[in-house]
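What follows is one structure encoded as structure tokens, with my remarks underneath.
There are 2 protein chains.
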Amino acid sequence: MSTPNEESKDDGPGIDAMGSCPVPQSRYDRVVLGHGSGGQLTNELIRLLFLPALDGSGVLSRLEDQATLPFGDADGALGGEGRVGARLAFTTDAFVVQPLFFPGGDIGRLAVHGTVNDLAVGGARPLYLSAAFILEAELPMGDLERVVASMRSACDEAGVALVTGDTKVVGRGRGDGIYIATSGVGLVPAGRSLSIGAARAGDAILVSGTLGDHGIAVMAVREGLEFETDLRSDSAALNGLTERLLEACPGTRCMRDPTRGGLSGSLNELAEASGVGVALEESAIPIRDEVRAACEMLGLDPLYVANEGKLMAVVPAEDADRALEAMRSHPLGRDAAIVGRVTDEDPGLVILRSRIGGRRVVPLLAGEQLPRIC
Amino acid sequence: MSTPNEESKDDGPGIDAMGSCPVPQSRYDRVVLGHGSGGQLTNELIRLLFLPALDGSGVLSRLEDQATLPFGDADGALGGEGRVGARLAFTTDAFVVQPLFFPGGDIGRLAVHGTVNDLAVGGARPLYLSAAFILEAELPMGDLERVVASMRSACDEAGVALVTGDTKVVGRGRGDGIYIATSGVGLVPAGRSLSIGAARAGDAILVSGTLGDHGIAVMAVREGLEFETDLRSDSAALNGLTERLLEACPGTRCMRDPTRGGLSGSLNELAEASGVGVALEESAIPIRDEVRAACEMLGLDPLYVANEGKLMAVVPAEDADRALEAMRSHPLGRDAAIVGRVTDEDPGLVILRSRIGGRRVVPLLAGEQLPRIC
């Protein structure tokens, strides 16, 4: 049991410039919303509670978005000779977004895309999905029908099959309409080996398009904000885009879909796991004007806002232009940009160079920015 | 959207002797607790909503507890020659049990055992698990620590590795402490092919031990019932027992772990999928005296109460004694018994021959017997 202390009462400490310092023990004796934010508290929960208890195999500690694993008969292994063999990729995600339906998607599309993307960014070809539903009694059957229909079309578009499922029903006030946990299985072809720990100084960092669209689209509905233009979630399956990138740049170091915690979350993971610095160019980061405006209105930083159809990729310097071209040749990568570089300065830190030339640390989100956006 | 009608107000219609009649369309315009019971309403939800919408691949419609699937490189398939090749097994389950801790287990052990068992009853060797947590804000961190520790010990005992996970946090009154969705991946060795549709007249039906222990143990805590003896959940991983049975009887037709919906649920599935009758001998069914007594007190039928560590198996008549012996040689099968036969009379129906020689239909549970026991 963790030790209660004064800080346990403080569940939203705001962004902390020292966010990347190691945290010796859980500061909370109860779960708070920030533990699900994808920022520092999520990181703390994983490192202090889940990993020590659960990681018997060592696979969890790799902290990838998916596990890649050997699979096969003793006499029928999938590996080639003298290179990394084909492996199984396995991932899971729970979806608790509110509202269930939002511009550009719904919880069903999100559940399919999120799991497909967690496989794809590991270099896997997504094959099979499972879905476990936790339904709240009194949910209109028509809402469930809409969600399930949109899961099916998302599966068809991504080329995956939903092959197994489960349904539980909880009483009113014990859920929130629909929660969905999806898991996915994919095949990582022989020879592919991506890792968040593989970045090297000089590597280029790319994103496939504008940041923050999903989080702000959901938040706008929830807060009843009205914007002049139609802001829509970017929820999309990235497996077509990742395959195109990997064909063009087989030496890609790693990929991430910057969901909860936003681009900041993915880059801080990268800096920590690879023991490198990240130098980000503010002027190069694609952000829609309406997202920027909404962020100002809501007091949010777009680097922390979730995306559900954007790819972050790290490639060797000499592959940067080819990677950019490959991304831009795909409909989901039209607005791709090189947004930064991996450095050997400031290891473990993400540093943003602002439009006016200033430098600031972009730490992991310390508390809770946008709850229940995925 | 389903058509609202008068019956939508009735969410617990009780056991219906006509339970096995086909139901043309959903009778509910809102989700009710019974849709999660594992009985007729769950069946209806699956057949009328999930399958038509989601089953693009045809795998869901097999209605097994797990999907068994081809997996491998084009140039490195797992199959042998001229026989059923090795396949991947994939399954998922959501766990919403209340209370989180109960005699003989907790939600963490249950989540591991349930998923391991759904793989094992398909003839798979369970390998990898995923876990997605939906935590309610204010959950004591110590409760989460206990649950996670017991997941780890359950994984170690079952010989599986938990390799990937996710955590979401929802606000108070949007959850119930901890919900867990686990998924599992296993390997079905070449040559094995079990199916709920494979039973033939004359086959023997076995159960590995006493029925109803889990459901009554949970219910007893929830209702504050006091029993003279210690009634404990039977939550256990069945993969050791299933391997022992399959070694002794490779011709085993199918296996099930009779969880929600109890033995009645599994046998009705069998009768329907195989197009056979099931003749059950009441006097042969092992039930603890204290479970029988509690069922009488609570007005429950032990055939409908959930088990979390019991195996139901169907084997050819000539293998029945060998199967019984194999089960009894395993610690989890000490109280195994042959409880009935597959017949070609009464196709689609489960008929119980009572101790005094009467015959009655044992239909699928129509409404809700024990909510949130798993």
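Respectively, the protein sequence lines represent chains A and B. So in numbering that gives the first Met the number 0, the last spot in the first sequence is 373, and the numbers never skip. So in numbering that gives the first Met the number 0, the last spot in the second sequence is 373, and the numbers never skip. Using N, Cα and C, we set each Cβ at its ideal position, and we do this for glycine too. Computed from a prediction, not measured in an experiment: that's the story for all the values here.
DSSP places P69 (chain A) outside any alpha helix (DSSP H), giving it a letter other than H or E.
Close to D92 (chain A), with beta-carbon spacing below 7 Å, are these residues of chain B in chain order: A131 and D165. By the rule that beta-carbons nearer than 9 Å mark a contact, E137 (chain B) touches chain A. Taking a Cβ-Cβ threshold of 7 Å, none of the residues of chain B is close to L62 (chain A); the smallest such distance is about 10 Å. Sorting A:H213, A:L269 and A:L237 by C-alpha distance to the C-alpha of R291 (chain A) places A:H213 at the top.
The beta carbon of L237 (chain A) sits no closer than 9 Å to any beta carbon of chain B. With at least 16 other beta carbons inside 10 angstroms of its own, L230 (chain B) counts as buried. Judged by DSSP in its simplified three-state form, E222 (chain B) adopts helix. Under the criterion of beta carbons closer than 8 Å, T166 (chain A) and L44 (chain B) qualify as touching, at roughly 6 Å. Not one beta carbon of chain B lies nearer than 9 Å to the beta carbon of C294 (chain A). A distance below 7 Å between beta-carbons, with the five flanking residues on each side excluded, links C373 (chain A) to the following residues of its chain, in chain order: F94, V96, L109, G113, T258, R259, A305 and E307.
P330 (chain A) sits in a helix when the DSSP states are folded into three classes.
Residue burial annotation: A157 (chain B) is buried, with at least 16 other C-beta atoms found within 10 angstroms of its C-beta. Rounded to whole angstroms, the gap between the alpha carbons of L245 (chain A) and A136 (chain A) is 45 Å.
Within its own chain, the residues whose Cβ lies closer than 8 Å to the Cβ of P98 (chain B), once the five positions on either side in sequence are excluded, are V217, V220 and R221, listed in chain order. The stretch 253 to 337 of chain B is shown to contain whole alpha helix (DSSP H) runs of 4 or more residues at 261 to 273, 288 to 297 and 319 to 327, in chain order.
By the rule that beta-carbons nearer than 9 Å mark a contact, A52 (chain B) touches chain A. A Cβ of chain B is located within less than 9 Å of the beta carbon of C373 (chain A). The residue among B:G141, B:D343, B:S207 and B:V360 with its C-alpha nearest the C-alpha of L351 (chain B) is B:V360. DSSP places P125 (chain A) in the strand class (E or B) of the three-state scheme. Under the 9 Å criterion on CB atoms, R29 (chain A) is classed as interfacial with respect to chain B. Counting only the Cα atoms, L323 (chain A) lies some 21 Å from G276 (chain A). Annotation: R199 (chain B) is outside any alpha helix (DSSP H) and is labelled neither H nor E by DSSP. Within 7 Å of the CB of R173 (chain B), the CB atoms of chain A belong to G174 and D175, in sequence order along the chain. About 6 Å separates the CB atoms of S182 (chain B) and T91 (chain A); that is less than 8 Å, so the two are in contact. G357 (chain A) counts as exposed, since fewer than 16 other beta carbons sit within 10 angstroms of its beta carbon.
The contact set of V83 (chain B) on chain A, defined by CB atoms closer than 7 Å, is empty, because the minimum CB distance reaches about 13 Å. Taking 9 Å as the threshold, the shortest C-beta distance from I45 (chain B) to chain A falls below it. If one requires a minimum length of 4 residues, the alpha helix (DSSP H) runs lying completely within the stretch 122 to 184 of chain B are 140 to 157, in chain order.
Using a Cβ-Cβ cut-off of 9 Å, H34 (chain B) counts as an interface residue toward chain A, since at least one Cβ of chain A sits closer than that to its own. Among the CB atoms of chain B, none fall inside 9 Å of the CB of S353 (chain A). Judged by beta-carbon spacing, A272 (chain A) lies within the 9 Å limit of L62 (chain A), meaning their Cβ atoms are closer than that value. DSSP, reduced to helix, strand and coil, places T114 (chain B) within a helical segment of the structure shown. Contact annotation, Y178 (chain B) with I106 (chain A): C-beta distance approximately 15 Å; criterion of less than 8 Å not satisfied.
The Cβ atoms of P315 (chain B) and G201 (chain B) sit closer than 9 Å to each other. Here L351 (chain A) carries a strand assignment [DSSP, helix/strand/coil].
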